[in-house]
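Numbering (full-length UniProt numbering), first residue to last: 1 to 92. Every residue, glycine too, gets a C-beta built ideally from N, C-alpha and C. Please read these numbers as outputs of a predicted model, since none were measured by experiment. The structure under discussion appears below in the form of structure tokens.
Now the structure itself:
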């Protein structure tokens, strides 16, 4: 079964998500941005979600994790929780 490790940043608006994505593109560390801005408890750990398989996350997130590129910041991804930036750090 496929497995992935990923980290994410959760915020309440698409505009905030875009702003943070630009900061990362400009060279700011993803983990640092997560610690400063993510409203998810995982933000304390740089947004690290650990390892998980298909179907363990909400559908929009799951689709991005198992279909998007590895080590590329994806988003904004809208879910019932808000807007996410996502970085898949590995996938097998």
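**Message:** In whole angstroms, give me the CA-to-CA distance for residue 42 and residue 11.
**Reply:** 12 Å
**Request:** Rounded to whole angstroms, what's the CA-CA distance from residue 57 to residue 31? Just pull it up for me.
**Result:** 20 Å
**Request:** May I have the straight-line CA-CA distance separating residue 79 from residue 59, to the nearest angstrom?
**Result:** 8 Å
**Message:** So, at 8 Å on beta carbons, what are the nonlocal neighbours of residue 17 in its own chain, with the 5 sequence-adjacent residues on each side left out?
**Reply:** 9, 11, 75, 76, 83, 84 and 85
**Message:** Using only the alpha-carbon positions, how far apart do residue 48 and residue 19 sit?
**Reply:** 20 Å
**Request:** Ignore the nearest five residues each way along the sequence and tell me which others in residue 35's own chain have a CB closer than 7 Å to its CB.
**Result:** 43, 44 and 46
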